[in-house]
Every structure is written in structure tokens, then in C-alpha cells.
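Report on the following structure.
Next comes the structure, spelled out in C-alpha cells:
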């Protein structure tokens, strides 16, 4: 299988910050808004470079969404940033009415997503955001896998005409995709080729899937590893091409089992090529305080659990 | 300045449109539409710098109006049609399947004159603040107007936006509150602990103007005062004291006509009480 090396651990939110700055340099319509989380969202460089295009909204997320909609209607391209929980669940109605139904070109930057937020605990660890955002008509949903891809995805989101939800995380994780890898919204990336099982993953779980694939290869199970950073619209062609070959899929995501990438892929396969599947995702539980590594292991969201799921699936294929 | 009598003639027609649209659709919100009909007529026919010709949703170079209390589509659509944003005859499609005149304002089908979808309450002031901020960035001298209901002001987001607009010195933003004192479940005073809205907006450091929302001379004077207050570092709130269902005695002053359609006899009686205008019905 194709091997990937960790070129040094970096947080995906810093990829967002770098992408925002680069997009902002290229297009004067791009703005950044935050609700008292400028530093956490890595918006400092953008705010320093373009103070007139940065708006500190204070701890008032609902207003921030409306303001961003007003800016977008007026021709700006605002990125609104907060923690994943507060930029989705807290303002779902505002996103639904003012942004999605209101056809406002707002980019929703969602940091500290999933359980790897860590020590803050369940109040801040959302595992439901992908489901919420997928449910909105017309919303594009992205969950890139590392620093480089998050940077590229942010630039792609800025260029996309319409609302985009881009989800990323807090901890430093392996940065393994090429710096010039680019990003196309709606495209899945086949990272490694096998014939037995397709491992489909997004976000932090892509690296874990690659690690699982290495272990499985040593046991004689060869995997396609498909990185699916665009959860909506799904790259149906790429997924089906892999499934036609392997006829089995494991889907891994740092998200609850309801409404995420796993269900999106399951729905696709149910109406096209009914396929044995396994899911590595949240088991309808709230998180808790802990280090990211402790939490991923405890909640069954790591390479070991992906490999286990693939072995089971291989046996019943 | 326009002759107040001409504006009263138009607002009579707007009230007739409201009653006829809601009766035809057998649904909609006549009460708040009638309470806000006079000052919104003045806004659209005298105060705002706007044109249906070449209208675009970005509002560049124009004054902009956002209806935050989105259920008041009868008055809104009547005014847009009477200003020429779309044919007056289209008012007959209000709330019908396939119509651009959705129950609450929509931008999905590109109805000219509508800048933003609204309906879930409390959001329009934030949107207006965003548009006002954009105008400042673009050195566009247009003013952004927004109307909220008094009941709507129970939403927390209104007050978030209130802080935001002051903090960002959005002195090109003129908000209006239709203080009709009624909401779906009853008088505002009985439903919530809203208290003195004028004092609250003053405490939020807005320039606050209060006026009789049915006296056309007072309305025009309030708008003139608001325009004069623009450019002085603060957003402006005009609180228009109004009556729910104004213009028809059996609809006036009660929450019962917030979202209820008249029957044929009530419609005839309402139109008789409102009287004719020179514009003619749709």
C-alpha cells in the first residue's frame, strides 16, 4: 500500500487560519467574524493583516450569524468562526433561516469539533454537528483530515458560491497530505489502493484509517483508503468505484452514528449496491473530560477499532 | 416633502390590499400589517431612496429595508407592489402554492424588493446591521432600515444586535419598532416583562425617537429627525406607538386579529370602514 509519513503534528484549525489568510490576500471581499474566539479559531493573522475586514462580535453567536448574512447579501464573503457546538447547535435556526434558506454566501468555520476537543468535556464536544449541517438544504459540509488539507479546503470554501460548513479540530495531529494537494469540493481522494475492503474516513479518522490499513495489510487484508473530506455533496462516483472492487466498506468518523458520513455512505449504497458495512463512530453517547488520545481510544475511534471493524467485516463478507 | 394627504391616500389602499389579500388567502397576519401600514407607507413612498428599476439584492447605492417581523407580509407585499417592484395583480397570489408571495418573505424565487428571508423572529436587526456595516466598508451612503415588532423584541438576538450596532457605530442604521402592544397570545404587557422599550433602547445607547405611528405629520417628522441623527456615531431607533388592526373597529386594539383572516362579510365591512383610495384595488 502507499505509505504516508507524518511531516510533523499540526492542528487542523491552524490550517484554517493559514487558508483564511491566503484567501483573504487574494480576495478583498473575504471577511472574518468571531464570537470571542479569535485566537482559538486562529484568525489572528487575518485580523492583523486586514483589521477592516475582521469583526469581533463578542459572545453573541446568533447576532454574528445574522450580521454575516447581511454582509453576504451586500456582496462580502464572511467566514464566521466558533467552536463546533456553538456555531451549529446554538444557532441552528439562524443558519437555517438567514444563511441556508436566505441564500447568503456565508462560510461557517467550525473548530474544536468532535471529541478531541478534550479536557473541556461534553458541553464543548459536539458529535452531532455534521448531522445538523447535512440536514440543511444546499449546505456544503466539509471535514478535511489534516493541516494541509484544511488549508486547501478553506481556500476552496472561499471560492465556492454558497454556504459552506467547514469542520476542523483542536489537537495537533499528523500532517501527511501533500502541501500542494489542492482541494476540490465534492471530490473524494483515494489515498491507498487495495482489493478487499474500502476504508472510508473524514477528519482526524483518515490518519487512523491509514494506520489501520497498514496493520491489516500485514494480516493479508488489503484496503482501499478513501479520504472523503466533502460529506455533502458526496463523491458517489469515487465511493461506488471502490465498492464495486472491494464489496465491503468501513466508515470512520469522529461523529455520532446518527446523521454523519457513515449514514450518508450507507444511504448511497442501500440505493445502489447493497454492501456489507461497518461503522466506527460515536455510539450515541456524550463525551467527557480527557486527553484526545484517551477519549479516542475509550470511545472506539482509533486505528485499532477501525482494524477490528475491518477484520469482522472481512469475515462476514 | 410629499403631501401627507397623498400618503394617507396610499395607506388607505395598502390597508385595503391587506384586508383583501388575507381574505382571499384565508390566512395571514392583518393586525400588525395594519398597525404598521402608515409609517411603512411613509417610508416607502417618501423617506427611502430606492428604485425598482434595476433592483439588485446587494442594495448597492440604495436605501435598504429589512422586515424583521416577517409575518407582516401583507403590508410589505402591498407596498412593494404599489412601488412597482412587481405587478399589483400578483398580490392575488399571496400564500398560494407556487407564488413568489410566500407566507413569509423568501429570496428563493427572487421576488424583487426582498433582501432577506425572515419569519423566525428576532433575526432581521442583525441582518440589517450586517448590511449597514457593509455599506460603511464600501463607502455607500445608503441607509439601512429595519422594522421589528414589540412582541418580537422578546427575542434575545434583538438585544445582541442592539449592542453590536452601537459598538460598531452603525449610524447608517434606522430601526423601527411597531409598538402595537399585542402579540399572538395577548397583550405584550401580559405575555412578557418587556417594560419600557424606549428606556431600554436608550440604555443600550441608541438614539431613540418616539412618535404616533398613525399621525402622518408626526411620522414624517420622526423620520426627518432620524435622518438628521444619522452620521453621528449611533444607530437610531424610532418607536412608533400604534394600534393593532388600526382602521377597522372590530380588528383594532386586540391580539385576536394577529393572525386571523376575515370572512366575506367582515371583509366588506372592513373595506367600507377603510374607504376608497384613488389607486384602485388589485
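Protein chains in written order, with the working numbering: chain A, 2 to 318; chain B, 38 to 319.
Heads up, the beta-carbon is just placed ideally off N, CA and C, and yes, glycines get one too.
Since this is a predicted model, take the numbers as computed values, not measurements.
Run the CB neighbour count on residue i, radius 10 Å, all protein chains shown included, and call it buried at 16 or more, exposed below.
| i | result |
| --- | --- |
| residue 279/B | buried |
| residue 315/B | exposed |
| residue 286/A | exposed |
| residue 132/B | buried |
| residue 53/A | exposed |
| residue 199/A | buried |
| residue 300/B | exposed |
| residue 217/B | buried |
| residue 77/A | buried |
| residue 147/B | exposed |
| residue 230/B | exposed |
| residue 185/A | exposed |
| residue 245/A | exposed |
| residue 309/B | exposed |
| residue 197/B | buried |
| residue 225/A | buried |
| residue 254/B | exposed |
| residue 129/A | buried |
Would you say residue i faces chain B, with C-beta separation under 8 angstroms as the test?
| i | result |
| --- | --- |
| residue 64/A | yes |
| residue 143/A | no |
| residue 99/A | yes |
| residue 150/A | no |
| residue 165/A | no |
| residue 75/A | yes |
| residue 53/A | yes |
| residue 225/A | no |
| residue 93/A | no |
| residue 68/A | yes |
| residue 50/A | no |
Any Cβ of chain A within less than 8 angstroms of the Cβ of residue i?
| i | result |
| --- | --- |
| residue 285/B | no |
| residue 151/B | no |
| residue 174/B | yes |
| residue 91/B | no |
| residue 134/B | no |
| residue 164/B | yes |
| residue 178/B | no |
| residue 119/B | no |
| residue 194/B | yes |
| residue 144/B | yes |
| residue 197/B | yes |
| residue 139/B | no |
| residue 241/B | no |
| residue 208/B | no |
Can you tell me which of the three DSSP states residue i falls into?
| i | result |
| --- | --- |
| residue 322/A | In the structure as shown, chain A starts at 2 and stops at 318, and residue 322/A therefore has no counterpart that could be examined. |
| residue 12/A | strand |
| residue 100/A | helix |
| residue 215/B | strand |
| residue 141/A | strand |
| residue 2/A | coil |
| residue 278/A | strand |
| residue 92/A | coil |
| residue 281/B | coil |
| residue 72/A | helix |
| residue 240/A | helix |
| residue 293/B | helix |
| residue 232/A | strand |
| residue 122/B | coil |
| residue 138/B | coil |
| residue 302/A | coil |
| residue 375/B | Outside the displayed span of chain B (38 to 319) sits residue 375/B, for which this structure offers no information. |
| residue 161/A | coil |
In terms of DSSP beta bridges, what is residue i paired with?
| i | result |
| --- | --- |
| residue 257/A | 283/A |
| residue 109/A | 81/A, 166/A |
| residue 182/B | 102/B, 211/B |
| residue 26/A | Residue 26/A pairs with nothing; no bridge assigned. |
| residue 225/A | 199/A |
| residue 223/B | 220/B |
| residue 274/B | 212/B, 245/B |
| residue 175/A | 10/A |
| residue 55/A | 33/A |
| residue 113/B | In DSSP, residue 113/B forms no bridge with anything. |
| residue 193/A | 226/A |
Below 7 angstroms, is the gap between the Cβ of residue i and the nearest heavy atom of the ligand PLP?
| i | result |
| --- | --- |
| residue 53/B | This structure simply doesn't include the ligand PLP, nor any ligand for that matter. |
Open item on the list: Is it the case that the segment 101-113 of chain A contacts the segment 230-247 of chain A, given that we only count it when at least three CB pairs across the two stretches are under 8 angstroms?
Closed with: no
Task: Three CB pairs or more closer than 8 angstroms across the segment 270-290 of chain B and the segment 57-76 of chain B - done: yes
Open item on the list: Under 8 angstroms: do the segment 140-159 of chain B and the segment 93-110 of chain B share three or more Cβ pairs, one atom per stretch?
Closed with: yes
Task: the segment 203-221 of chain A in contact with the segment 39-56 of chain A per 3-pair CB rule at 8 angstroms - done: no
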